[in-house]
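To convert, note that position 132 of the sequence shown is 132 in our numbering; the numbers rise steadily by one, no gaps.
Ideal placement from N, C-alpha and C gives every residue a C-beta, glycine not left out.
Note that the structure is predicted; figures quoted are calculated from it, not measured.
Notes for the one structure printed next.
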Amino acid sequence: YKRNKIIESDKIDSFFTRDDQINKRFIVSDNKYEVMGTKSIRMSDVLGSNDTRCITVPVASNIFKAAGGGQNFVHGGSSPQEILIPVVQVKTIRGYRESQNVKISLISMLPKTTSLLINLDFVQQEAISDVIKPTTYKISFIDESGETISNEEIHLANSKEKESAKRIFKLRFNLKNQKYRRDKKYYLVATDTATGMEAFRHEVIIDIAFADDFGFDI
Numbered sequence: 001y002k003r004n005k006i007i008e009s010d011k012i013d014s015f016f017t018r019d020d021q022i023n024k025r026f027i028v029s030d031n032k033y034e035v036m037g038t039k040s041i042r043m044s045d046v047l048g049s050n051d052t053r054c055i056t057v058p059v060a061s062n063i064f065k066a067a068g069g070g071q072n073f074v075h076g077g078s079s080p081q082e083i084l085i086p087v088v089q090v091k092t093i094r095g096y097r098e099s100q101n102v103k104i105s106l107i108s109m110l111p112k113t114t115s116l117l118i119n120l121d122f123v124q125q126e127a128i129s130d131v132i133k134p135t136t137y138k139i140s141f142i143d144e145s146g147e148t149i150s151n152e153e154i155h156l157a158n159s160k161e162k163e164s165a166k167r168i169f170k171l172r173f174n175l176k177n178q179k180y181r182r183d184k185k186y187y188l189v190a191t192d193t194a195t196g197m198e199a200f201r202h203e204v205i206i207d208i209a210f211a212d213d214f215g216f217d218i
């Protein structure tokens, strides 16, 4: 059913005769009409019979200009769009994006640290949407052998804020109270907890010649 009123341009002008069986969505006639916007089919071709009559139907959602009500009802006639179920395959080319997990980035400068206590700023790169999905990250410091040397922060990136400044978040890390060597490699690593994939890895120099016991043992 169409709620909007049928406009004149959606109606096909009368071309049929009084002897035809007339419906707003089909015409049965002894004549095979060749009219723009319609298609005529011999009943004998469809039924395999000797019936020489033809059925003429609109090829779109238009109707024949005929007296009577029911103009707004789409179904109930014999036009192909009413007796066939369309299967539509949509291909989106321009602007197509697959859904993906939201990413985070470190925005603080961290080439070197001289403290066991480290406060860092991060940003969620995009706002959550239909194609950008919330993601949980595990963030910590590790040494070159992969051993964790700080607390592990678990952060759920699920902000829908459009302004990037409102998607900034802060995390605090406590390095283990131990000896650190400048010739060894240390890293800040963020890992997607669902996939186990690294989101980023930043090398950092830990320049602490002597770490006394300040109560930060982990």
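For this session: Decide yes or no for the touch test of the segment 107 to 127 against the segment 157 to 167: beta carbon pairs closer than 8 Å, at least 3 of them.
Result: With the cut-off at 8 Å, the segment 107 to 127 and the segment 157 to 167 touch.
For this session: Name, in chain order, the residues that DSSP records as bridge partners for R201.
Result: Along the sequence shown, read from residue 1 onward, the residue named residue 201 stands at position 201. V189.
For this session: Tell me whether the beta-carbon of K133 lies closer than 7 Å to the beta-carbon of S105.
Result: Position 133 of the sequence shown, counted from the first residue, corresponds to residue 133. Position 105 of the sequence shown, counted from the first residue, corresponds to residue 105. Not in contact: K133 and S105 (Cβ atoms no closer than 7 Å).
Problem set entry | Selected residue, minimal CA-CA separation from V57, among V35, V46, D51 and A67 | To locate residue 57, count along the sequence shown from 1; it is residue 57. Residue V35 is the option with its Cα nearest to V57.
Exercise. To the nearest whole angstrom, what separates the beta carbons of I12 and T38, a pair I think is in contact under 8 Å?
Worked result: Along the sequence shown, read from residue 1 onward, the residue named residue 12 stands at position 12. Along the sequence shown, read from residue 1 onward, the residue named residue 38 stands at position 38. Rounded, the Cβ-Cβ distance is 7 Å, consistent with contact.
Exercise. If we ignore side chains and look at the alpha-carbon of each, how far apart do K112 and I149 end up?
Worked result: In the sequence shown, the residue the question calls residue 112 occupies position 112. In the sequence shown, the residue the question calls residue 149 occupies position 149. Rounded to whole angstroms, K112 to I149 spans 15 Å at the Cα level.
For this session: Give the secondary structure of D121 by DSSP, where H, G and I count as helix, E and B as strand, and everything else as coil.
Result: Within the sequence shown, numbered from 1, the residue matching residue 121 stands at position 121. Here D121 sits in strand by DSSP.
For this session: May I ask which residues mark the beginning and end of the alpha helix (DSSP H) holding L47?
Result: Here residue 47 refers to the residue found at position 47 when the sequence shown is read from its first residue. Element bounds for L47: M43 to L47.
Problem set entry | 6 Å CB neighbourhood of K32 in its chain, flanking five on each side removed | Translated into positions along the sequence shown, residue 32 becomes position 32. Counting only Cβ-Cβ distances below 6 Å, and skipping sequence neighbours, we find S40 and C54.
For this session: Can you have a look at I27 and say buried or exposed, based on whether 16 or more other CB atoms are within 10 angstroms of its CB?
Result: Your numbering for residue 27 matches position 27 in the sequence shown. That one is buried.
Exercise. Alpha carbon to alpha carbon, what distance is there between T195 and K103?
Worked result: As a position in the sequence shown, residue 103 is number 103, starting the count at 1. As a position in the sequence shown, residue 195 is number 195, starting the count at 1. Each residue's alpha carbon lies about 13 Å from the other.
Exercise. When DSSP labels each residue in this structure, what does E153 get in the three-state scheme?
Worked result: Indexing the sequence shown from 1 puts residue 153 at position 153. Reduced to three states, the DSSP call for E153 is strand.
Problem set entry | Cβ neighbours of I118 in the same chain (closer than 6 Å, five flanking residues each side left out) | Locating residue 118 in the sequence shown gives position 118, counting from the first residue. Excluding residues within five positions, the ones whose Cβ falls inside 6 Å are F173.
Exercise. Should A60 be labelled buried (16 or more other beta-carbon atoms within 10 Å of its own) or exposed?
Worked result: Reading the sequence shown from its first residue, position 60 is the one you call residue 60. With fewer than 16 Cβ atoms within 10 Å of its Cβ, A60 is classed as exposed.
For this session: Use the C-beta contact count for A67: other C-beta atoms within 10 angstroms, 16 or more gives buried, fewer gives exposed.
Result: Translated into the one-based positions of the sequence shown, residue 67 becomes position 67. Exposed, by the Cβ-count rule.
Exercise. Counting along the chain, where does the beta strand (DSSP E) carrying N158 start and finish?
Worked result: Here the question's residue 158 lines up with position 158 in the sequence shown. Careful: N158 lies outside any beta strand (DSSP E) and carries neither H nor E.
Exercise. Under a three-way DSSP split, which group does R172 fall into?
Worked result: Here residue 172 corresponds to residue number 172 of the sequence shown, with the count starting at 1. R172: strand per DSSP, three-state reduction.
For this session: Express the C-alpha separation of N50 and F16 in angstroms, rounding to a whole number.
Result: Sequence index remark: in the sequence shown, residue 16 carries index 16 (1-based). Sequence index remark: in the sequence shown, residue 50 carries index 50 (1-based). Using only the alpha carbons, I get a separation of about 22 Å.
Exercise. Distance, Cα to Cα, L188 vs R182?
Worked result: Against the sequence shown, residue 188 aligns to sequence position 188. Against the sequence shown, residue 182 aligns to sequence position 182. So the alpha carbons of these two residues sit roughly 16 Å apart.
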